[in-house]
Every structure is written in structure tokens, then in C-alpha cells.
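Everything on this sheet refers to the single structure shown next.
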Amino acid sequence: MPQTRRITRSSVTNAAETSQDEPPKKLRTPRARASTQEKGTEGDGLPPSRRAKVKHVSKPETFIPRVKSLWKVGAHVSASGGVENAVTNAAKIGANAFALFLKSQRKWTSPALTEESIKLFKERMKEHEYSAEVVLPHGSYLINLGNPDQDKREKAFECFLDDLKRCELLGLKYYNFHPGSTVGNATKEESISLIAQCINRAHRETKYVVTVVENMAGAGNAIGGDFMDLHGIINEVEDKSRVGVCLDTCHTFASGYDLRTETAWNEMMTKFDEQVGLSYLRGMHLNDSKTELGSKKDRHENIGLGFLALGTFRHLMNDPRVQNIPMILETPSFELPVDVWAKEIAVLQQLSATTTKSKDNGEALRSVIGEARTDEALTDVVKAAVRIAEGAKGKKEGTGKTQRSRKRKRDEEDGEDEENE
Ligand SMILES: [Zn+2]
Ligand SMILES: [Zn+2]
Numbered sequence: 001m002p003q004t005r006r007i008t009r010s011s012v013t014n015a016a017e018t019s020q021d022e023p024p025k026k027l028r029t030p031r032a033r034a035s036t037q038e039k040g041t042e043g044d045g046l047p048p049s050r051r052a053k054v055k056h057v058s059k060p061e062t063f064i065p066r067v068k069s070l071w072k073v074g075a076h077v078s079a080s081g082g083v084e085n086a087v088t089n090a091a092k093i094g095a096n097a098f099a100l101f102l103k104s105q106r107k108w109t110s111p112a113l114t115e116e117s118i119k120l121f122k123e124r125m126k127e128h129e130y131s132a133e134v135v136l137p138h139g140s141y142l143i144n145l146g147n148p149d150q151d152k153r154e155k156a157f158e159c160f161l162d163d164l165k166r167c168e169l170l171g172l173k174y175y176n177f178h179p180g181s182t183v184g185n186a187t188k189e190e191s192i193s194l195i196a197q198c199i200n201r202a203h204r205e206t207k208y209v210v211t212v213v214e215n216m217a218g219a220g221n222a223i224g225g226d227f228m229d230l231h232g233i234i235n236e237v238e239d240k241s242r243v244g245v246c247l248d249t250c251h252t253f254a255s256g257y258d259l260r261t262e263t264a265w266n267e268m269m270t271k272f273d274e275q276v277g278l279s280y281l282r283g284m285h286l287n288d289s290k291t292e293l294g295s296k297k298d299r300h301e302n303i304g305l306g307f308l309a310l311g312t313f314r315h316l317m318n319d320p321r322v323q324n325i326p327m328i329l330e331t332p333s334f335e336l337p338v339d340v341w342a343k344e345i346a347v348l349q350q351l352s353a354t355t356t357k358s359k360d361n362g363e364a365l366r367s368v369i370g371e372a373r374t375d376e377a378l379t380d381v382v383k384a385a386v387r388i389a390e391g392a393k394g395k396k397e398g399t400g401k402t403q404r405s406r407k408r409k410r411d412e413e414d415g416e417d418e419e420n421e
């Protein structure tokens with residue numbers, strides 16, 4: 001069991017749910033906790049993979065210690081019950097960065113953010129010391145700004161613009177989205193232009209939020225599997241200060257760019273710099289891959305357990321070019337984020353020679369991953385956490401289901417690269 005840090009009174013003074021007369025030793029069950037324990041409903045901003053009847057096993061007062069690091073590693077956490085809960089959920093896993101959905105990612109319209117949600121979100125950001133720069137909200141999967149069908153594109157644009165406005169209401173700086181698809185009815189160049197035009201229009205209708213285009217695994221008609229697609233979009237964006245790129249390690253690998261050796265990683269980064277520009281790199285998604293190089297399949301695997309293996313992440317965690325940008329895990333957590341993501345975050349930080357130099361960090365990391373130091377031992381830490389979480393989830397799903405159907409469900413859940421409408 002990881003050693004835990006107890007919440008002090010001062011760290012919860014801003015939380016609306018705490019009162020003056022409560023004892024300082026224990027954090028009263030926060031609303032975040034209460035609502036994530038309930039069964040999620042559609043429209044709760046929770047990805048379907050995490051929307052299930054699940055109770056977290058960690059105790060309410062448990063927060064994993066957060067290391068001080070220039071590599072801002074976190075995860076795409078649940079915003080179930082309100083966006084403000086994402087902040088607490090990130091703090092619980094020791095994340096230095098986080099991603100969230102700003103509304104249901106599978107519905108065209110969602111209720112507006114409430115004043116209360118906005119207020120609590122901002123308070124919790126301060127309370128847990130997250131700056132806007134380390135938050136990378138993820139856009140709705142429905143949005144396809146490259147669709148040549150004008151009505152459908154307009155509908156997508158409205159949803160996109162609504163997301164951007166939500167970012168600004170929350171004081172967030174970045175917004176990550178999938179570029180889109182030709183849906184087989186346009187050339188890549190036509191779709192790329194349509195995407196750029198939508199970005200330009202959205203920039204005019206918002207104040208400052210930076211639109212961050214994600215690279216894709218390159219399946220079917222999707223735009224963004226090739227760095228030149230990203231270049232094409234940026235090239236047509238008028239306000240270049242408000243456009244960026246998020247590189248997903250699984251997508252990068254699946255689309256055919258190797259990054260497993262240090263040489264391959266450097267070559268990929270050089271190519272990215274030449275074709276897109278390193279100054280546009282505003283975030284990364286850290287995922288291992290269940291499929292081989294160039295598979296064009298978007299199948300996220302837990303860190304170290306896929307074709308990329310742990311060694312790949314050592315290059316990232318020691319490369320100054322990816323410092324101070326959100327690095328977000330989108331790996332399966334099986335509804336046990338504290339058990340899986342907290343371990344993955346600590347394992348990744350352990351790979352960074354700079355991060356582990358500090359004595360405080362050493363102690364914090366030891367409390368989560370014990371004495372594991374070699375790639376093999378660190379991989380085993382993730383493997384064990386996944387096995388436990390998967391087992392816990394399996395039990396909750398009932399014994400009637402076969403291992404195979406559970407595995408199939410898992411495969412469906414963790415891919416995010418779906419064909420847009
Ligand atoms: Zn994505
Ligand atoms: Zn991603």
C-alpha cells in the first residue's frame with residue numbers, strides 16, 4: 001500500500017464542502033468523492049469507459065504525493081459530477097497535469113457550466129496548485145471540422161465553439177481536439193482547409209484559448225496521421241499564436257513514426273520540428289500501444305506493457321523539449337485511477353534522472369512504487385497494478401461474462417480514434 005499524505009486543514013480551506021468546525025485530521029468526504037462513486041449517467045462528462053457502477057477503493061483522505069518535476073505528467077481524469085471534480089481527481093493520483101472532458105463527449109449539446117462549478121473549479125485549481133498551462137481539456141469525439149457536408153460541419157463547429165467558450169469560462173488556456181476526417185467525400189487537402197477555416201472562425205469568436213490539434217493513428221479517412229496534415233492545418237490558421245499540436249505516443253507509433261530507441265525518438269522529433277515546428281508542441285498523450293509500428297490502429301496500452309515498452313518513455317522523461325507541457329496518460333485505469341494512474345505517473349517520473357535527483361522526490365516515489373528501479377521492475381509495478389484493477393473490475397462486471405468478452409470490451413473502450421461523423 002502506498003504511504004499517503006494526509007490533507008492538512010490549510011489545503012482544504014478553499015473547498016466549499018469543508019466547514020470551520022470540522023476536525024483538521026480528516027478530510028470530510030468531498031463532493032468529488034461522493035459523486036464519482038455514484039453511477040455515472042450520460043451527460044456527466046465521463047467517458048463511457050469510466051462510466052460504470054464502480055466504487056473507488058482508496059480512502060477519501062488519500063492523496064498520492066506529487067513529485068516536483070519539469071515533466072508534467074498526469075492523466076485524463078473523470079469530471080463526473082462536474083468539471084470541478086476533475087481537479088480533485090488529478091490531485092488524488094499525484095498528477096502534475098491533467099485532461100478532462102468539458103461536457104459529455106458523445107452528445108451534441110450539454111447543459112451550460114454552472115456558476116458554482118466554475119467557482120469551485122477555479123478554487124480547486126488554486127488549492128491544488130495547478131496552473132492553466134498544465135490542463136489540456138479534450139474535445140468531444142463527435143466533432144469533425146473536416147466534414148465536407150456543410151450542415152454536419154456547422155453542427156460540429158457549434159459544439160467545438162461551445163467547448164472553447166467553456167475553456168475560457170474556466171480560465172483554461174488549451175483545448176485539444178481530433179482534427180477530423182474526409183468521411184470519404186473530400187480530398188485530404190479540402191478537409192484540411194475546412195478544419196483551418198473552422199479554427200480561424202472559432203478564434204474570432206473567442207478571446208484567447210489555444211486550439212491544440214492532436215496527431216492521429218492514421219486510420220481510414222482520418223486527418224492527422226501524417227505530420228504534413230498538421231502542417232497543412234497550421235499553415236492556413238491566421239493567428240498562429242493560438243494553434244498548437246498534441247502528440248500522442250500511441251498514435252505517433254501506430255501511424256508509422258518509430259520512437260522506441262533514443263535515435264528513433266530524436267529522428268521523429270527532428271522530423272516534427274522540420275515539418276510542423278517544435279514551438280507548436282503544446283502537449284503530449286502518453287500511451288503505450290497494443291499494436292505494432294504502422295498498424296494504423298488506435299489501441300492504448302498501459303505504460304510499459306505494449307509495443308513501445310518502458311524504454312520509449314525514458315527518452316521523453318529526459319528530453320528538455322517536452323518539459324513544461326501537459327503529458328497526459330490515456331491508458332486503461334479500469335475505474336481504479338489511484339491504483340493504476342498513480343503508479344504509472346510515479347514509474348514515468350522514476351525514469352527521469354533530473355526528477356529523481358531530489359531527496360524529497362525520491363521519498364515520494366518510493367512511497368508509491370517501492371524500490372523498483374530497473375525497466376523490468378518498473379514494468380512489473382504497472383503490470384501488478386493493472387492486474388489488480390482489471391480483476392476488481394472483472395468481479396464487478398459479474399462472473400457470468402467470459403474473459404474473452406471482458407477483453408473485447410476493454411479493447412473497445414480504450415481506443416479513442418473513432419471515425420468522426
Ligand atoms: Zn484524443
Ligand atoms: Zn490521445
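Heads up: the sequence shown at position 45 corresponds to 45 in the UniProt record's numbering, and the numbers run straight through without jumps. By construction, the Cβ of each residue, glycine as well, lies at the ideal position given by its N, Cα and C atoms.
Excluding residues up to 5 positions away in sequence, E214 lie with their Cβ nearer than 6 Å to the Cβ of H178 in the same chain. The beta-bridge partner set that DSSP reports for S181 consists of A222.
Taking a cut-off of 8 Å on C-beta distances, the segment 201 to 217 touches the segment 169 to 186, as three or more cross pairs fall below it. Assignment of V243 by DSSP, reduced to helix, strand and coil, places it in the strand class. Under the Cβ criterion (8 Å, minimum of three pairs), the segment 106 to 125 does not count as touching the segment 359 to 377. For P137, the closest of C246, K119, H128 by C-alpha to C-alpha distance is C246.
For the 9 Å CB-CB criterion, L329 and H76 form a contact.
Around the beta-carbon of T263, fewer than 16 other beta-carbon atoms lie within 10 Å, marking it exposed. The C-alpha of A342 is placed about 12 Å away from the C-alpha of A97.
With a cut-off of 8 Å, the C-beta of D258 is classified as distant from ligand 1, since no heavy atom of the ligand falls inside that distance. At least 9 Å separates the beta-carbon of M327 from that of T355. In the three-state DSSP reduction, F307 falls in the coil class, being neither helix nor strand.
Note on the segment 273 to 339: whole alpha helix (DSSP H) runs with a minimum of 4 residues are 309 to 316, in chain order. Judged by the Cβ position, D248 qualifies as a neighbour of ligand 1 at the 8 Å threshold, a heavy atom of the ligand being closer than this. By the 16-neighbour rule on beta-carbons within 10 angstroms, E274 is exposed. For N287, the shortest C-beta to heavy atom distance toward ligand 2 is below 8 Å. Here DSSP, grouped into helix, strand and coil, assigns V381 to helix. Restricting attention to alpha helix (DSSP H) runs no shorter than 4 residues, the segment 134 to 200 encloses them at 150 to 169, ordered along the chain. One alpha carbon belongs to S295, the other to Y257, and they sit about 11 Å apart. A contact between stretches requires three or more CB pairs, one per stretch, nearer than 8 Å, and the segment 378 to 395 fails this requirement with the segment 311 to 325. Not one heavy atom of ligand 2 is found less than 8 Å from the C-beta of E158. In the DSSP secondary-structure assignment, F227 is not bridged to any residue. Within its own chain, the residues whose Cβ lies closer than 6 Å to the Cβ of A86, once the five positions on either side in sequence are excluded, are V77, A79, L100, listed in chain order. Distance from the CA atom of R299 to the CA atom of K126, rounded to whole angstroms, is 35 Å.
Where V73 is concerned, the enclosing beta strand (DSSP E) starts and stops at 72 to 76. The residue from R282, N287, G244 with its alpha-carbon nearest to that of R260 is N287. Between ligand 1 and H138, a heavy atom-to-CB distance of less than 8 Å is present. When the beta-carbon positions are compared, G171 and K122 come within less than 9 Å of each other.
Under DSSP, V212 shares a beta bridge with N176, G244. The alpha-carbon of K68 is positioned some 12 Å away from that of I345. Sequence-distant Cβ neighbours of G139 in its own chain, meaning closer than 6 Å and more than five residues away, are D163, F177. Membership of F121 in the alpha helix (DSSP H) is indicated by the continuous run 115 to 127.
Per the C-alpha coordinates, the member of A372, S241, N324, V243 positioned closest to S131 is N324. Residue burial annotation: N185 is exposed, with fewer than 16 other C-beta atoms found within 10 angstroms of its C-beta.
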